[in-house]
Each structure stands twice: as C-alpha cells, then as structure tokens.
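These protein sequences, in sequence, are chains A and B.
Using the numbering used here, the letters of the first sequence correspond one by one to residues 11 to 341.
Using the numbering used here, the letters of the second sequence correspond one by one to residues 11 to 341.
There are 2 protein chains.
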Amino acid sequence: MKTTIYDVAREAGVSITTVSKVINNTGKISEKTKKKVFKSMEQLNYVPSQVATALTGKKTDTIGLLVPDVSNPFYAAMVRQIEDEAHLRGMSVIVCSTDYDSEKESKYVELLKRKQVDGFIVSSGFSKVELLDQLIEDGIPIIMLAQDNPDKINAVSVDDFKGGYLATSHLLSYGHRNIAIISEQVMSGDLRIYGYRAAHDERKIPINEENIFKTRASLENGKRLVKKLFEKGNNPTAVFACNDLLAVGVIQGAREMGKRIPEDLSVIGFDDTILATITVPGLTTVSQPIGDMARKTLETLVRQIKGEYEGVERTLFMPTLVVRGTTSRLT
Amino acid sequence: MKTTIYDVAREAGVSITTVSKVINNTGKISEKTKKKVFKSMEQLNYVPSQVATALTGKKTDTIGLLVPDVSNPFYAAMVRQIEDEAHLRGMSVIVCSTDYDSEKESKYVELLKRKQVDGFIVSSGFSKVELLDQLIEDGIPIIMLAQDNPDKINAVSVDDFKGGYLATSHLLSYGHRNIAIISEQVMSGDLRIYGYRAAHDERKIPINEENIFKTRASLENGKRLVKKLFEKGNNPTAVFACNDLLAVGVIQGAREMGKRIPEDLSVIGFDDTILATITVPGLTTVSQPIGDMARKTLETLVRQIKGEYEGVERTLFMPTLVVRGTTSRLT
DNA sequence: CTGAAAGCGCTAACAA
DNA sequence: TTGTTAGCGCTTTCAG
Numbered sequence: 011m012k013t014t015i016y017d018v019a020r021e022a023g024v025s026i027t028t029v030s031k032v033i034n035n036t037g038k039i040s041e042k043t044k045k046k047v048f049k050s051m052e053q054l055n056y057v058p059s060q061v062a063t064a065l066t067g068k069k070t071d072t073i074g075l076l077v078p079d080v081s082n083p084f085y086a087a088m089v090r091q092i093e094d095e096a097h098l099r100g101m102s103v104i105v106c107s108t109d110y111d112s113e114k115e116s117k118y119v120e121l122l123k124r125k126q127v128d129g130f131i132v133s134s135g136f137s138k139v140e141l142l143d144q145l146i147e148d149g150i151p152i153i154m155l156a157q158d159n160p161d162k163i164n165a166v167s168v169d170d171f172k173g174g175y176l177a178t179s180h181l182l183s184y185g186h187r188n189i190a191i192i193s194e195q196v197m198s199g200d201l202r203i204y205g206y207r208a209a210h211d212e213r214k215i216p217i218n219e220e221n222i223f224k225t226r227a228s229l230e231n232g233k234r235l236v237k238k239l240f241e242k243g244n245n246p247t248a249v250f251a252c253n254d255l256l257a258v259g260v261i262q263g264a265r266e267m268g269k270r271i272p273e274d275l276s277v278i279g280f281d282d283t284i285l286a287t288i289t290v291p292g293l294t295t296v297s298q299p300i301g302d303m304a305r306k307t308l309e310t311l312v313r314q315i316k317g318e319y320e321g322v323e324r325t326l327f328m329p330t331l332v333v334r335g336t337t338s339r340l341t
Numbered sequence: 011m012k013t014t015i016y017d018v019a020r021e022a023g024v025s026i027t028t029v030s031k032v033i034n035n036t037g038k039i040s041e042k043t044k045k046k047v048f049k050s051m052e053q054l055n056y057v058p059s060q061v062a063t064a065l066t067g068k069k070t071d072t073i074g075l076l077v078p079d080v081s082n083p084f085y086a087a088m089v090r091q092i093e094d095e096a097h098l099r100g101m102s103v104i105v106c107s108t109d110y111d112s113e114k115e116s117k118y119v120e121l122l123k124r125k126q127v128d129g130f131i132v133s134s135g136f137s138k139v140e141l142l143d144q145l146i147e148d149g150i151p152i153i154m155l156a157q158d159n160p161d162k163i164n165a166v167s168v169d170d171f172k173g174g175y176l177a178t179s180h181l182l183s184y185g186h187r188n189i190a191i192i193s194e195q196v197m198s199g200d201l202r203i204y205g206y207r208a209a210h211d212e213r214k215i216p217i218n219e220e221n222i223f224k225t226r227a228s229l230e231n232g233k234r235l236v237k238k239l240f241e242k243g244n245n246p247t248a249v250f251a252c253n254d255l256l257a258v259g260v261i262q263g264a265r266e267m268g269k270r271i272p273e274d275l276s277v278i279g280f281d282d283t284i285l286a287t288i289t290v291p292g293l294t295t296v297s298q299p300i301g302d303m304a305r306k307t308l309e310t311l312v313r314q315i316k317g318e319y320e321g322v323e324r325t326l327f328m329p330t331l332v333v334r335g336t337t338s339r340l341t
C-alpha cells in the first residue's frame, strides 16, 4: 500500500500537521522534530501525493501544452524548451498534438481542464480560438505562444511581420524580383506575407499575386507547390517558404525538376530547425529565439497563475536572418 | 468559482450521489433523472475534477514518459505515437527529457511518482535502471520502450541485434570489408554492435576493433568521429552509424574531408527519422516500426494498470532495411 | 431508483 | 512549537 502522511506521522510519533509542516517548511518546527520526521519519511520511502495536495486547493503544478504536432521538428524544439522551463519552476507539462484539427482541440482542452492544469500554453496552429473563451471565463490562465491573436490573451511570439520582411528583403537585396512565397494558412503565416509585401512596397517592386500560396506545412506540399510554380510558368528565381519543412520540400521538388540550388533557385526557410543545418547546402532561414520565448512564456504564465498578473501583456521577439547556402545573388 | 458536483446536484434537485452515478453510468438511474442531471451539467458547464476522482482511489489517467530528448527527431516521433495511443485510451502523457543524465532521471521519476501517474514508459537511453526498482516495489506499472533490460520488466523493443546485422550485412553484401561502426553507449547500441559482429562472423570476415566507436548521438559526434577515422588511417569504405543523426554527421564530416557519398564512403543510419528523407542522397537506414511499438507499449501498460497482467512480457519487433542513396557497391 | 455518510491524503485555520 | 479539526470534490457502501 502507498505510504501516506499518517504513516509518517505515526512512525515519527507526531501529528500529521507537523509532518505537513516540515514537508512544506511552513510554521515553526523544532530542528529535532524535523530531523525525526525526515528520518521517518526516508525510512518509509514516503512521497507526498500531489493529487491530495491539489485537491486541497493548491495547484496541480501541471500545465497543458497544445501544439499542432510534436513530431514536427520546430514544435519538438519548442516543447523541449517549454519542458525545461517548466521543470525549472517545479511544474510538468502534458503535451497534446492537435493536428490543426478543431475536434482534437476541443477534446484536449476539455481533457486538460478536467485534469485541472494550472494553465494552458497554446501554440501557433490553434485554429478554434473561441474554445479558449470558456477557459478565460473560468479564469484559467492561458498564454499564446508564437501565435498572435485578436483577443485579450497574453501572448509571446516572434515578430512574424518582421520575419517575412527580413527574408524577403534579403532576397530582394540579392537582386531577385520574382519571388514566390509559400506560407502556412495560419495567422502568423499571413503576417509573414505582409512582411513580404512590405519589403516589396518599400522598394516599389510590384508583386505577382500568383506567387503567393498558402498551404499546410509538409515536405510534400513544398515539393508539389514548387513544381506547380514552374509548370504554371511563374518561374520565380527565389522562393520564400514559411517554414523549414516546406523549404526542404521546395529544394527537393526544384531539384527533381533539374534546378540547382541556389544557382537556379534561391530558397529561404523559416524557424531554423535542425533541418536547416542538415540540408546541403545549409538552408538560409529566419531564426526564432525559441529558448527566450519559452522562458518568457513560462515566466508570464506563472505570474498569471500566481495571480500577480494584471492586464494583457504581449511580448514580441525579434527574428534574425541566418544566411547559409541556399540563397545567392541573381546574376 | 469552479462548479462542483454539489452545484449540479442542487441545480438538478438531486443528491450528489445521483449525479456521480449518471456521470459514471453506474447503478440504476431513471432516464428522467439522467436527463435532468445532464441538463444541469450542461447549463453549469460542469467538468468533473480528475484530481478529486483520483484521490478517491481511482486512476489519474496520466502516464509518465521518460525519453532522453523530445527534440531529437526519433524521440519526437516516438512521443507523438505514444501520445496518440494514450489519448485513444483516455490517458494523457507527461513527457520528461532526461538528457541521459541520471540526476534528471531520478528527479523526474520522483516527480512523476508524486504526480501519481498510473504507469511509466521508460524509453531507450535511460541509464540508471536501479531507479526503477523502487517503482517496481511500489507496484507501479512500468514498461521499457526500445530498451532491452536485464530485469523482469515488461519491454517492447526492436530487435537491435537483428538491426545491426541487417545494416552490416547490407554493407558486406555490397563488397565492403572495412566497415566502421559508431554506436551509442547504451544497451541497444551494444546489441547493434553484436549484430555487426554476427554479420561479419557469418561470412568469416575479420573485424578491426579500431573501427568500433561508442558515443552520444549528435551531429557533432558523427562529424568528429568520421574525421578521426580518416585521420587515424582506418580509412573505412563504409560507416554504420547507429542512428540517423550520427549518420548525417558522418556524411557532413566526410564531405568536409572531400569524400563523396556514396562513391567514396557508404553510410547507413538507424531509425529512419525524417532526417533520412531529407539528406541528399536519401539516407539508407534501418527502420523501426514506431507506430506498432507505441501501440503494443500502451496496450501492455494498460493491461498492467488494470491488473490484468501476469508475468513478464517482452515483445520484439523486427526492423527493416530501407535502402536509399547513401550506400553503394564497392567497386 | 435515490440519498446519507464515510472516507481518499493533504492543508489550513484555530487551539492548546 | 505542536495537535485537532474541518474541508477540498468525488466515489462508494449501505440504507431507505
């Protein structure tokens, strides 16, 4: 049978209150009793039950993390950072992959709510934002990660507009004038497209609307779309793929059509995942400071949980351009 | 304030017992009362508290998953499958990345124990197996995933010996006679080395012990070791890297030394992660049936949790060779 | 078919 | 400094 606080109390010859106090280091307990209690705890291999503690009104020290797919390298990296930051604060995280599927989204939100998580981290790719209203009503802390949203929810994200601008400016400065963009059909994707537009507008370079695509992130979609691009005769000299996976797909698709990278086609990605370091040549991409974002996310969420929070706060981190080998000057 | 079973009972004009019964569909409750209760639950937006339920002796419906690092593509894929299988069974999973660090291992085991997880899934790369003894004593279900272990713990894994044999045989059949192997310093790594040996022995081909390396999985280590291999004059014609990440490192390192892949050096990996499809040429590798493994793992674990389990059970899945472009016949 | 009451393991007043 | 006691929200006998 599991050993409880009662067992420890009996063993140490004190009351459960005393044991509770030494565990939580509350109130005043003499060193002697403390020692006694600790010894008994050790002997009985006692581990306090979180669930009992949680029921007493305290926190579960668990947070729910909703991502589209943990197996996607970008989210995998994000989950890892979040996990570390959470552990640093004595919390653990339950990860749920939603696959951009609103049914799963509501299912998991409900699940996590039932589990009484102390807070939610909702990452980019969450489609049914209305689902969160209920949580807000219930006063459950939420923070959006890498997903800007219209409501009054706390958010930590990268400046997607800036990222799109950065990538596009890089390409434009290399002389490219016919640049296709393949974006994800999520809000941050739209912002990147606006950045793409802004970079063009700034230089008064016209945009061919046929060069703008929205799709879901996958190798296949990257491949498919780049082929379509050439088959339709758009013949871009550069492609800005809004994430690394798509970028790799673009590279592969282009190569299958006999294009050389970057000689015949420059490609730039987004996220700077492990994939970017693995392609040959290395993928030029826009990097998000995932570690900083995770830190800020947890920090803010914890503040909310502790109730120290007031007003909506949204932090924007600046992306940076990482130039590797898949982009070159147009000659 | 959170709405409780009491609120629902009051609203529906029944006792909490009745509400509890309709929630769990236990006992006999008239359709009429059921309807009433459901309506009240809906109105009040009632969500039963898992923690209260758990305290009553039931399960937490949460399992702990220990992996070395979620951001590693192989584990990321694994976590994803486990997560899906768990959700299918109404459970959620808390992921902990141990970094092969035994301090973290014990910290997380303790953490999860405190959280009263219903069971543990311990994946390959768990170093301090003794830590699990305590759990076994406490009767907490554990299952080892992709990590064979000496004790009497349930396990689901791939036949690493066979995998090593498969990879090596492939290389030998291509005429290679000077094959280096870079393995991880974990048990499954050793088994792969035995497979490597067996393939050689079968053909009575001698092994140069200097060609056997053990390291941690990282791009850098792959790079570093392949360079060392050539600097030391081992000059292998093929390298069997015991996971894809190392393999990619090997490819990159070799290229930096001017070797062409596969003309000058054949490289084979293990795991068949997303990385294998991204290198150019595609990485020849050994594939593990992760989906099947995850399914079997959860199935077995759930059986243990339900107490339907008897005796130790270990399932071995067969790996398969996936030939892509990084291996070629020795000419 | 429905309800009253006793816990599950722990924390938090309030006493002593 | 230490102990008594009343819950936290739910399940589960055991009575009606």
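All C-beta atoms, glycine included, are put in the ideal place defined by N, C-alpha and C.
Predicted model, so just to flag it, every value in this text is computed and none were measured.
Exercise for review: Please indicate yes or no: does the CB of Glu266(A) lie closer than 7 Å to some heavy atom of the ligand FMN?
Suggested key: Of ligands this structure carries none, so the ligand FMN is not represented either.
Check your understanding: Which runs of the beta strand (DSSP E) spanning at least 3 residues fall entirely within the segment 184–210 of chain A, listed in chain order?
Key -> 189–194
Point to revise | Collapsed DSSP secondary structure at Val296(A) in the structure displayed | key: Here residue 296(A) is taken as the residue at index 286 of the first sequence, counted from 1. Correct three-state label for Val296(A): strand.
Review point. Do you know offhand how far Val127(B)'s Cα is from Ser338(A)'s?
Key: For the purposes of this step, residue 127(B) is identified with residue 117 of the second sequence, where counting begins at 1. For the purposes of this step, residue 338(A) is identified with residue 328 of the first sequence, where counting begins at 1. Going from the Cα of Val127(B) to the Cα of Ser338(A) covers about 53 Å.
Point to revise | First and last residue of the uninterrupted alpha helix (DSSP H) at Tyr74(A) | key: Here the question's residue 74(A) lines up with position 64 in the first sequence. Here the sequence assigns Gly to residue 74(A), which means Tyr is not the residue at that position. Not the alpha helix (DSSP H): Gly74(A) falls in the beta strand (DSSP E), residues 72–77.
Exercise for review: Would you mind sorting Val119(B) into buried or exposed? The rule is 16 or more other CB atoms within 10 Å of its CB.
Suggested key: Along the second sequence, one-based indexing puts residue 119(B) at 109. Buried, because 16 or more other Cβ atoms sit within 10 Å of the Cβ of Val119(B).
Practice item. Locate the beta strand (DSSP E) running through Ile104(B), then write down its first and last residues. Key: By 1-based counting over the second sequence, the position of residue 104(B) is 94. Looking at the DSSP string, the run of the beta strand (DSSP E) that includes Ile104(B) is 102–107.
Point to revise | Reduced DSSP secondary structure (H/G/I, E/B, other) of Ala227(A) | key: In the first sequence, residue 227(A) corresponds to position 217, counting from 1. Three-state DSSP puts Ala227(A) in coil, outside helix and strand.
Point to revise | Beta bridge counterpart(s) of Ile222(B) as assigned by DSSP | key: Within the second sequence, numbered from 1, the residue matching residue 222(B) stands at position 212. Beta-bridge annotation (DSSP): Ile222(B) is paired with Ile191(B).
Exercise for review: With a floor of 3 residues, list each beta strand (DSSP E) that falls wholly inside the segment 226–290 of chain A, ordered by position along the chain.
Suggested key: 248–251, 276–281
Review point. Using a Cβ-Cβ distance under 8 Å, would Leu285(B) count as near chain A?
Key: In the second sequence, counting from the first residue as 1, residue 285(B) sits at position 275. With 8 Å as the cut-off, Leu285(B) counts as an interface residue toward chain A.
Point to revise | Sequence ranges, alpha helix (DSSP H) only - wholly within the segment 119–192 of chain A, length at least 4 | key: 141–147, 170–183
Review point. Shortest alpha-carbon distance to Arg213(B) belongs to which of Met328(B), Gly185(B), Gln60(B)?
Key: Start at 1 with the first residue of the second sequence, and residue 213(B) comes out as number 203. The option with the nearest alpha carbon to Arg213(B) is Gly185(B).
Check your understanding: List, in order along the chain, the chain A residues whose C-beta lies closer than 7 Å to that of Leu121(B)?
Key -> Position 111 of the second sequence, counted from the first residue, corresponds to residue 121(B). Result: Ser102.
Point to revise | Residues bridged to Thr325(B) [DSSP beta-bridge criterion] | key: As a working note, residue 325(B) is residue 315 in the second sequence. Answer by DSSP bridge pairing, in chain order: Val166(B).
Check your understanding: At least one CB of chain B closer than 8 Å to the CB of Ile288(A): is that the case?
Key -> Residue 288(A) sits at position 278 when you count from the first residue of the first sequence. Closer than 8 Å to some Cβ of chain B, the Cβ of Ile288(A) qualifies, so yes.
Exercise for review: Assign Asp143(A) to one of two classes, buried (16 or more other C-beta atoms within 10 Å of its C-beta) or exposed (fewer than that).
Suggested key: Residue 143(A) sits at position 133 when you count from the first residue of the first sequence. With fewer than 16 other Cβ atoms within 10 Å, it is exposed.
Practice item. Find the nearest neighbour of Pro5(A) within the set Thr289(A), Ile284(A), Asp281(A), judged by alpha-carbon distance. Key: The structure shown has nothing for residue 5(A), since chain A only spans 11 to 341.
Practice item. Indicate the three-state DSSP secondary structure (helix, strand or coil) for Thr43(B) in the structure shown. Key: Counted from its first residue, the second sequence places residue 43(B) at position 33. Here Thr43(B) sits in helix by DSSP.
Exercise for review: Tell whether a beta-carbon distance below 8 Å holds between Val296(B) and Leu275(B).
Suggested key: Position 286 of the second sequence, counted from the first residue, corresponds to residue 296(B). Position 265 of the second sequence, counted from the first residue, corresponds to residue 275(B). No.
Check your understanding: On the three-state DSSP scale, how would you describe Thr330(B)?
Key -> Residue 330(B) sits at position 320 when you count from the first residue of the second sequence. Note: Thr330(B) maps to strand in three-state DSSP.
Review point. In its own chain, which residues sit with a C-beta less than 6 Å from the C-beta of Lys224(B), not counting the 5 before and 5 after it?
Key: The residue labelled residue 224(B) in the question sits at position 214 within the second sequence. The answer, listed in chain order, is Ser193, Gln195.
Review point. So is Arg124(A) in contact with chain B if we call contact Cβ pairs under 8 Å?
Key: As a position in the first sequence, residue 124(A) is number 114, starting the count at 1. True, the Cβ-Cβ gap to chain B drops below 8 Å.
Exercise for review: Grab the span of the alpha helix (DSSP H) containing Glu21(A) for me, first residue to last.
Suggested key: Locating residue 21(A) in the first sequence gives position 11, counting from the first residue. Where Glu21(A) is concerned, the enclosing alpha helix (DSSP H) stretches over 15–22.
Review point. For Gly301(B), which three-state DSSP category applies?
Key: The residue you call residue 301(B) lines up with position 291 of the second sequence. Helix.
Check your understanding: By Cβ distance, which residues of its chain are closer than 6 Å to Met154(A), with the 5 residues on each side in sequence left out?
Key -> Stepping through the first sequence from its first residue, residue 154(A) is reached at position 144. Around Met154(A), the same chain offers Val132, Ile163, Ala165 as residues with beta carbons nearer than 6 Å, after the five sequence neighbours per side are excluded.
Practice item. Go to Asn34(B), then tell me how far its alpha helix (DSSP H) extends in each direction, as first and last residue. Key: Within the second sequence, the letter at position 24 stands for residue 34(B). Taken as a continuous stretch (DSSP letters only), the alpha helix (DSSP H) holding Asn34(B) covers 26–34.
**Study point:** Whole-angstrom C-beta distance between Glu323(A) and Thr307(A), which should lie under 8 Å
**Key:** The residue labelled residue 307(A) in the question sits at position 297 within the first sequence. The residue labelled residue 323(A) in the question sits at position 313 within the first sequence. Not really, about 11 Å apart at Cβ, beyond 8 Å.
Check your understanding: Under 8 Å between C-beta atoms, does Thr70(B) make it to chain A?
Key -> As a first step, residue 70(B) is located in the second sequence; it is residue number 60 there, counting from the start. It does; some Cβ of chain A falls within 8 Å.
Review point. Between which two residues does the alpha helix (DSSP H) containing Ile92(B) stretch?
Key: Looking up residue 92(B) in the second sequence gives position 82. Residues 83–98.
Check your understanding: Which residues, in chain order, does the segment 79–93 of chain B contribute to contact with chain A at a C-beta distance below 7 Å?
Key -> Those residues of the segment 79–93 of chain B that come within reach of chain A (Cβ to Cβ, closer than 7 Å) are Asp79, Val80, Ser81, Pro83, Ala86, Ala87, Val89, Arg90, Glu93.
Exercise for review: Note down, in chain order, all residues in the segment 52–65 of chain B with a beta-carbon under 8 Å from any beta-carbon belonging to chain A.
Suggested key: Asn55, Val57, Pro58, Ser59, Gln60, Val61, Ala62, Ala64, Leu65
Review point. Quick one: Cα of Gln157(A) to Cα of Ser112(A), how far?
Key: Position 147 of the first sequence, counting from 1, holds the residue named residue 157(A). Position 102 of the first sequence, counting from 1, holds the residue named residue 112(A). Each residue's Cα considered, the two are about 16 Å apart.
Review point. Ends of the alpha helix (DSSP H) at Val61(A)?
Key: Residue mapping note: residue 61(A) aligns to position 51 of the first sequence, counting from 1. Looking at the DSSP string, the run of the alpha helix (DSSP H) that includes Val61(A) is 60–65.
Practice item. State whether the segment 230–245 of chain A contacts the segment 173–184 of chain A, with contact taken as three or more CB pairs (one from each stretch) at a distance under 8 Å. Key: No, the segment 230–245 of chain A does not touch the segment 173–184 of chain A.
Check your understanding: CB Asn283(B) to CB Val332(B), shorter than 8 Å?
Key -> Residue 283(B) sits at position 273 when you count from the first residue of the second sequence. Residue 332(B) sits at position 322 when you count from the first residue of the second sequence. Checking the displayed sequence, the identity of residue 283(B) turns out to be Thr instead of Asn. No; because the gap between Cβ atoms is not below 8 Å, this pair is not in contact.
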